[in-house]
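Below is one structure; the comments refer to it alone.
2 protein chains.
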Amino acid sequence: MLTGGVGGAKLVSGLAGVLSDDQLTVIVNTGDDFEHLGLTICPDLDTVIYTLAGLANSHTGWGRVDETWNFLEALGELGGPTWFRLGDRDLALHHERTRLLGEDHLLTAVTHHICQALGVAVTVLPMSDQPVRTIVISDEGELSFQDYFVAHSCEPRVSGFHFDGLETASPAPGVLEALSATDLVVLCPSNPWVSLDPILAVSGIREAVAAKSVIGVSPIVGGKAIKGPAAKMFVDLGFKSSALTVAEHFQDLLSGLVIDREDDALASDIALLGMRVLVADTVMKNAEDRLRLAEEILDFASG
Amino acid sequence: MLTGGVGGAKLVSGLAGVLSDDQLTVIVNTGDDFEHLGLTICPDLDTVIYTLAGLANSHTGWGRVDETWNFLEALGELGGPTWFRLGDRDLALHHERTRLLGEDHLLTAVTHHICQALGVAVTVLPMSDQPVRTIVISDEGELSFQDYFVAHSCEPRVSGFHFDGLETASPAPGVLEALSATDLVVLCPSNPWVSLDPILAVSGIREAVAAKSVIGVSPIVGGKAIKGPAAKMFVDLGFKSSALTVAEHFQDLLSGLVIDREDDALASDIALLGMRVLVADTVMKNAEDRLRLAEEILDFASG
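These protein sequence lines are chains A and B, in that order. For the first sequence, our numbering gives the first residue as 829, with consecutive numbering after it. For the second sequence, our numbering gives the first residue as 829, with consecutive numbering after it.
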């Protein structure tokens, strides 16, 4: 499955609960990755790993449970940059990743090491070992994703995106192999523009996905995103924020789309695009929701 | 005054309590500095600054009060290097210093910034803006100071030292000016070999010190060091661990030496080396001890 951050990670954990470890490979967006305080920070990888490890902070949607903030408080007292929230425990992950990357380990290997250390048995792969960076084109100029997302609170009006580094990026080891070996690709309920598109933009991945049965899960429910700026991005870009727009966005890839019960009325229009539609409860509030949705998606895919 | 870590920092805080801010300049050893986790760590500067800021951890002798260890615990869970103890709040100081150094600020300016942020009004100067690194020559080979001190727990037998980087290091801005302007230089009760010698080895500093009235305070009391490996180093190097050896080590510089009441019997032998001797209570257990010793030293110097 392909995934970005919070919503995707929840479905990943549901699928991990239903499938055996070797039946699931998670390919994660790294377009949000950035350098901060000399550290390489991979927000989507971290969210997926923390979620699978049972360490995710369900209140914030990012970072770790049982977190403390003494580093950041002391950094603020020294006049350092505190706009990106780094918890004391979370900081260790960024440090260790950066240290290992500095010893010339590839991101794939570092991710595997971190998963092992935290007891995550599912295969989690970055989309690429080479840096790809999502740039948001906005009315305040071109902004790196975290600059747009955190420092600017998603306020600038978005007119497009590009992904720096694509020309030299190739899929991480294992990505094309996993896509080749699977019968089903799930596009998680993640932001189409900045979570899924960067993955699909890496050389060869879109073609490998297109050759498979692909099931999407709409991140837009009742016109709104459960988390993050997806809905606002649709509107900024001149689209209606709707599950139908999600269907249109991935029309060439999708065999089926899972939409929320709230969007029942859109089912027939989506079906007209040439894909099957499953109406389900897609908002995952707890572990049971995740497992149930995962089972429904697998049933739908095999149906 | 010239100082290294813990014992020196205590006397620095005593002198800071007795003198006005503009009467005191503290020149600090940076030979213990090292790179760890991509951070530039300056243990002696930090100990002096934390002590002057009232933030020093009096139990450990290093690091901050009210510290937490969640970063290090999480780093250990990931298999990262935990041999050097970094508290969550302390880590912020290393990060901010490293960030500012990376923006091409000099260590002197960074140190000034940190002092201002933490409310330290006394002038604290690194001995040099250029890296000088103390190397311990031992029966386990040449070890960087922190490798010897922390990772090897001072266990290897020491046969000598050298200071890497001396050929390109010059005194930090303000160091020679402060030494030129003062009437009195105090050599703090710090390790002669690895705290004071590195400072004196930086081009021009020893000559500037030698031109002044210099008062030393023995870090050896009753043959033992209050803190750290000074006593063991004396023995490893074939000397007797004693205040007399301290006097001999700095004989060419000292106008006077302050020794502990416990070492009263050594006073006449030390005086024979051509310096005045003050017998005092040199073990600083609390703030009153620091102030009293500082006052006695200033009285002794002016006497």
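Don't be surprised by glycine CBs; every beta carbon is placed ideally from N, CA and C. Keep in mind it's a predicted model, so treat the numbers as computed, not measured.
Minimum Cβ-Cβ distance from residue i to chain A less than 8 Å
{"i": "B:Asn898", "result": "yes"}
{"i": "B:Arg927", "result": "yes"}
{"i": "B:Leu921", "result": "yes"}
{"i": "B:Glu924", "result": "yes"}
{"i": "B:Asp1064", "result": "no"}
{"i": "B:Gly882", "result": "no"}
{"i": "B:Arg985", "result": "no"}
{"i": "B:Gly779", "result": "Within the shown structure, residues of chain B are numbered from 829 to 1131, placing residue 779 of chain B beyond reach of any answer."}
{"i": "B:Leu903", "result": "yes"}
{"i": "B:Gly930", "result": "yes"}
Span of the alpha helix (DSSP H) around residue i
{"i": "A:Leu1119", "result": "1115 to 1130"}
{"i": "B:His922", "result": "916 to 930"}
{"i": "B:His1077", "result": "1071 to 1077"}
{"i": "B:Ala945", "result": "935 to 945"}
{"i": "B:Ile1054", "result": "Looking at the DSSP string, B:Ile1054 is not in any alpha helix (DSSP H), and its letter there is neither H nor E."}
{"i": "A:Ala884", "result": "A:Ala884 -> no alpha helix (DSSP H), and no H or E assigned at all."}
Short Cβ contact (8 Å threshold) for residue i with residue j
{"i": "A:Gly1002", "j": "A:Pro959", "result": "no"}
{"i": "A:His923", "j": "A:Leu867", "result": "yes"}
{"i": "B:His980", "j": "B:Glu968", "result": "yes"}
{"i": "A:His1077", "j": "A:Pro1020", "result": "yes"}
{"i": "A:Pro1047", "j": "A:Gly915", "result": "no"}
{"i": "A:Gly907", "j": "B:Ala1095", "result": "no"}
{"i": "B:Val1111", "j": "B:Ile1054", "result": "yes"}
{"i": "A:Val1105", "j": "A:Val1045", "result": "no"}
{"i": "A:Ala1038", "j": "A:Leu1072", "result": "no"}
{"i": "A:Ser1041", "j": "A:Ala1129", "result": "yes"}
{"i": "B:Leu1012", "j": "B:Ala1036", "result": "no"}
{"i": "A:Val1049", "j": "A:Asp1088", "result": "yes"}
{"i": "A:Ser1069", "j": "A:Gly1056", "result": "no"}
{"i": "B:Val950", "j": "B:Asp849", "result": "yes"}
{"i": "A:Cys982", "j": "A:Val840", "result": "no"}
{"i": "B:Ile1125", "j": "B:Ser1083", "result": "no"}
Residue i: first and last residue of the uninterrupted beta strand (DSSP E) it sits in
{"i": "B:Glu970", "result": "969 to 972"}
{"i": "B:Pro954", "result": "951 to 954"}
{"i": "A:Gly1084", "result": "1084 to 1088"}
{"i": "B:Thr853", "result": "853 to 856"}
{"i": "B:Glu863", "result": "862 to 864"}
{"i": "B:Leu1015", "result": "1012 to 1015"}
Backbone CA spacing between residue i and residue j [nearest angstrom]
{"i": "A:Leu1004", "j": "A:Gly1032", "result": "8 Å"}
{"i": "B:Leu830", "j": "A:Phe862", "result": "42 Å"}
{"i": "A:Gly1102", "j": "A:Ser972", "result": "35 Å"}
{"i": "B:Ala1108", "j": "B:Glu1123", "result": "11 Å"}
{"i": "A:Ser966", "j": "A:Phe1067", "result": "16 Å"}
{"i": "A:Phe899", "j": "A:Ser987", "result": "36 Å"}
{"i": "B:Val978", "j": "B:Val964", "result": "13 Å"}
{"i": "B:Phe912", "j": "B:Gly859", "result": "17 Å"}
{"i": "A:His887", "j": "A:Ala844", "result": "21 Å"}
{"i": "B:Ala1059", "j": "A:Leu883", "result": "47 Å"}
{"i": "A:Glu895", "j": "B:Leu921", "result": "20 Å"}
{"i": "A:Glu1090", "j": "A:Asp1127", "result": "21 Å"}
{"i": "A:Ser1018", "j": "B:Gly930", "result": "36 Å"}
{"i": "B:Val846", "j": "B:Gly891", "result": "25 Å"}
Among the options, the one whose alpha carbon lies nearest that of residue i
{"i": "A:Thr926", "options": "B:Leu903, B:Pro1057, B:Val893", "result": "B:Leu903"}
{"i": "B:Pro909", "options": "B:His864, B:Thr1110, B:Arg892, B:Ala837", "result": "B:His864"}
{"i": "A:Gly889", "options": "A:Tyr878, A:Trp897, A:Phe899", "result": "A:Tyr878"}
{"i": "A:Met775", "options": "A:His941, A:Phe989, A:Asn898, A:Asp1025", "result": "A question about residue 775 of chain A goes unanswered here, because the residues of chain A that appear run from 829 up to 1131."}
{"i": "B:Phe991", "options": "B:Leu929, B:Thr896, B:Arg961", "result": "B:Arg961"}
{"i": "B:Leu953", "options": "B:Thr936, B:Ile942, B:Gln974", "result": "B:Thr936"}
{"i": "A:Ala837", "options": "A:Ser1083, A:Arg1118, A:Gly1051, A:Asp1088", "result": "A:Arg1118"}
{"i": "B:Asp957", "options": "B:Val1030, B:Val1022, B:Ala1009", "result": "B:Val1030"}
{"i": "A:Asp918", "options": "A:Trp897, A:Leu928, A:Glu901, A:Asp1064", "result": "A:Trp897"}
{"i": "A:Arg1034", "options": "A:Pro999, A:Ala1009, A:Cys1016", "result": "A:Pro999"}
{"i": "B:Leu880", "options": "B:Ile869, B:Thr853, B:Glu905", "result": "B:Thr853"}
{"i": "B:Pro984", "options": "B:Leu1121, B:Ile855, B:Met1061", "result": "B:Met1061"}
{"i": "A:Gln974", "options": "A:Pro871, A:Ser841, A:Gly842", "result": "A:Pro871"}
{"i": "A:Ile1027", "options": "A:Val846, A:Ile855, A:Asp1064, A:Val840", "result": "A:Ile855"}
{"i": "A:Phe989", "options": "A:Val1022, A:Ile942, A:Val1074", "result": "A:Val1022"}
{"i": "B:Asp1097", "options": "B:Val1074, B:Ala1115, B:Asn1114, B:Glu1116", "result": "B:Val1074"}
Min CB distance residue i to chain B below 8 Å
{"i": "A:Arg913", "result": "no"}
{"i": "A:Ala1071", "result": "no"}
{"i": "A:Ile942", "result": "yes"}
{"i": "A:Asp916", "result": "yes"}
{"i": "A:Ala945", "result": "yes"}
Any non-hydrogen atom of the ligand GDP within 7 Å of residue i CB
{"i": "A:Trp1021", "result": "Of ligands this structure carries none, so the ligand GDP is not represented either."}
Give the residues from the segment 833 to 866 of chain A that approach chain D closer than 8 Å (Cβ to any Cβ), ordered along the chain. The question asks about chain D, but that chain is absent: this structure's protein chains are A and B.
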